[in-house]
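See below for the structure under consideration.
Number of protein chains: 2
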Amino acid sequence: MKALFYPYLQNLQNLITKKLEHQDHLGRFEEEIWERPEGGGGRTRILENGAIFEKAGVNISAVHGTLPPSMQTYFKVEKSTFYACGLSLVIHPKNPMIPTVHANFRYFELYNKRGTLKDQWFGGGLDLTPYYLIEEDIIHFHQCCKNSCDEFDPSFYSTFKEQCDNYFWNAHRNEARGVGGLFFDYLKQTKEISLQDRYDFVTAVGNNFLNAYIPIVQKRKDYRYTPKQRMWQEIRRGRYVEFNLIHDKGTLFGLKTNGRIESILMSLPPHVQWRYDNHPEKNSEEADLVAVLEKPRDWL
Amino acid sequence: MKALFYPYLQNLQNLITKKLEHQDHLGRFEEEIWERPEGGGGRTRILENGAIFEKAGVNISAVHGTLPPSMQTYFKVEKSTFYACGLSLVIHPKNPMIPTVHANFRYFELYNKRGTLKDQWFGGGLDLTPYYLIEEDIIHFHQCCKNSCDEFDPSFYSTFKEQCDNYFWNAHRNEARGVGGLFFDYLKQTKEISLQDRYDFVTAVGNNFLNAYIPIVQKRKDYRYTPKQRMWQEIRRGRYVEFNLIHDKGTLFGLKTNGRIESILMSLPPHVQWRYDNHPEKNSEEADLVAVLEKPRDWL
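Those protein sequences? They're chains C and S, same order as listed. Numbering-wise, the first sequence is residues 1 to 300 according to our numbering. Numbering-wise, the second sequence is residues 301 to 600 according to our numbering.
The following block contains the structure:
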């Protein structure tokens, strides 16, 4: 599975970065190949100060080695070695009318002390963080998520949509990070579902990412916006930072396994503001967004 | 002690906010009195968009109630009730030649199930986070810290200076948050030192805060700076956010005890940037700062 999935991710990274560059005209991805001292490494690609994308990171990595004690506790296992590979992307557009998007596709293997494979699973998903509620865009994104799911199991979309709302919950703010999408983890083989079936599902979701996001970019990239709307975007980006640094398990895993800091923290937005006790005006478009974040909606 | 220390903090908050307003001419503190549903409350004072201070928060609070399970584990105690009061301040000046400063003075009481006092201690300190190394300012700040300590115990300064360097260590970046100052915790009564002695020490440090910081503000407030220097300040502020959200125990305590979010997160800087893999040029002033942060120095 390692030999199958990592090449898939390499190819997906190529596809996505090419498509984003094509959209942006101006911005170009810079690539960095890095190695992890304890085993493995990755290929980081970052685009900054594009015409459309203010900051975009599309990274892949495959790391392996001894599982740190804290992660042993987390996975409830004894001394183990592990293999993990994944693609992570975060795109922060300049225009506040285009949502921020995040996606992740990952595969994990755990081995016992003698190196015997003990467990293996897929995880991942994609989710949208708008600054203004343009409902048709959110519905389009969720429809794409549902389409990827429905060919596999009619229950997948509603299950993984709910898990996404639960996972990206900014508990200390009592609101969601964004309007969700899909989140799945520990997708293991069962009696009915083979590991190949899991691979087929995760790659189907991966293959559908560009369909879910790029049409939104194309529709909104020439929308005008005011300095006040840009300020709102920068304030909301602050909530994105709070989620990623306080709650996100992926960030935590990266920091605990001595991952490459700059690749992990590429998710942080380029320009951010924190204002004291900022609240949108009643009945404003900003208030509409907050209402939806406080009470996640069924979009389809 | 509660009846002695909280009025002291109320008075110190008045002194500090008055002095800061006097320095700033333009900016004025807005006050918010808040109550904690589980017991207690506080008085938050925030100044935004001043002439000198871009964002400054000087908050006091006194909270009490049942200790949350996570904090029981942290303090290694059984089911307890607690009382905690403190003053916390963070000042983010606009001009990158003026350092950011943080100070905290706090007092804690723990009671067993029947309400009997089981433990009580003081904690706190002050520390400086410059964006450019103006050595005489850092030496002045540390000299004030030492002066506050020396009248009590000749070992205090070196002990609490080292604890400060250790505490404000941004482990995932392998660098200090700033150039330190003092950090002390669990200052309890001993055979030789009474709780009143502890009070005398902590209040002496508190009384010396304005002497440590205001002369630096006065000296540097009219220094010119370039957009590039301002950008450097905003990038370094990102490291401040990372420390506060990933490592800071005070922030954690506030979030876990259902503290007032806006008062806890007032510490976050107003305008912040994250750029991918940003490093200062060799032999630049920015590189000088990073060198000191990577290897904390003895300033006196």
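Even glycine gets a Cβ: it sits at the ideal position worked out from N, Cα and C. The structure displayed is predicted, hence computed values, not measured ones.
Under the Cβ criterion (8 Å, minimum of three pairs), the region 506-513 of chain S does not count as touching the region 538-551 of chain S. For L20 of chain C, no Cβ of chain S is located within less than 8 Å of the residue's own Cβ. Look at the region 364-423 of chain S and you find these whole runs of alpha helix (DSSP H), each 4 residues long or longer: 369-375. Nearest to V77 of chain C by alpha-carbon distance, out of C:I33, C:L110, C:L289 and C:G57, is C:L110. By the C-beta density criterion, F141 of chain C is buried, having at least 16 other C-beta atoms within 10 angstroms. Residues of the region 260-272 of chain C with a C-beta atom less than 8 Å from some C-beta of chain S are I261, E262, L265, M266, L268, P269, P270, H271 and V272, listed in chain order.
Here A384 of chain S is buried: its Cβ has 16 or more other Cβ atoms, across all protein chains shown, within 10 Å. Taking D453 of chain S as reference, the option from S:D548, S:F501, S:L555 and S:R328 with the minimal CA-CA separation is S:F501. For L255 of chain C, the neighbours in chain S by C-beta distance under 7 Å run, in chain order, H472. Comparing C-alpha distances from L312 of chain S to each of S:R343, S:G480 and S:L555 shows the shortest one belongs to S:R343.
Considering only S:R560, S:D437, S:G350 and S:G554, the residue with the shortest C-alpha distance to G327 of chain S is S:G350. With respect to chain S, the C-beta atom of D248 of chain C has no partner C-beta closer than 8 Å. If the five residues before and after K146 of chain C are omitted, its C-beta is found closer than 7 Å to the C-beta atoms of Y157 and L300, all from its own chain and listed in chain order.
Below the 9 Å Cβ cutoff, chain C contributes R275 and Y276 as neighbours of E348 of chain S, in chain order.
Taking the Cα positions, G254 of chain C is about 16 Å away from D185 of chain C. With a cutoff of 8 Å on beta-carbon distance, G57 of chain C and I46 of chain C are scored as near each other.
Q10 of chain C sits in a helix when the DSSP states are folded into three classes.
With at least 16 other beta carbons inside 10 angstroms of its own, Y513 of chain S counts as buried. Here the C-alpha atom of A587 of chain S lies approximately 26 Å from the C-alpha atom of K355 of chain S.
CA-to-CA, the gap between K18 of chain C and P596 of chain S works out to about 44 Å. Ranked by Cα distance from R236 of chain C, the options C:T66, C:N59, C:P96 and C:S267 are led by C:P96. By the Cβ neighbour-count rule, P69 of chain C is exposed, with fewer than 16 other Cβ atoms within 10 Å of its own.
Each residue's CA atom was taken as its position, placing H571 of chain S and Y276 of chain C some 12 Å apart. With distances taken between CA atoms, R260 of chain C lies nearest to C:N59 out of C:P7, C:N59, C:F5 and C:L9. Excluding residues up to 5 positions away in sequence, V58 lie with their Cβ nearer than 6 Å to the Cβ of I16 of chain C in the same chain.
Within chain C, the residues V241 have their CB atoms less than 7 Å from the CB of V541 of chain S, given in chain order. Inside the region 504-541 of chain S, DSSP marks whole alpha helix (DSSP H) runs of 4 or more residues at positions 509-520, from first to last along the chain.
In the displayed model, V358 of chain S falls within a strand according to three-state DSSP. Using a Cβ distance threshold of 8 Å, G386 of chain S and P430 of chain S do not count as a contacting pair. Under a 10 Å Cβ-count criterion, T190 of chain C is classified as exposed, with fewer than 16 other Cβ atoms of the shown protein chains found around its own Cβ. Under a criterion of Cβ atoms nearer than 7 Å, the residues of chain S adjacent to L245 of chain C are, in order, E542, L545 and I546. Secondary structure remark: continuous beta strand (DSSP E) runs of at least 3 residues inside the region 426-493 of chain S, in chain order: 480-487.
Spanning the alpha carbons of A591 of chain S and V401 of chain S requires a straight line of approximately 20 Å.
If you ignore the 5 residues before and after Y167 of chain C, its C-beta comes within less than 7 Å of the C-beta of F183, all in its own chain and listed in chain order. Within the same chain, Cβ atoms closer than 8 Å to the Cβ of G115 of chain C are found at T81, the five residues on either side in sequence being excluded. Distance from the CA of E30 of chain C to the CA of E48 of chain C, rounded to the nearest whole angstrom, comes to 9 Å.
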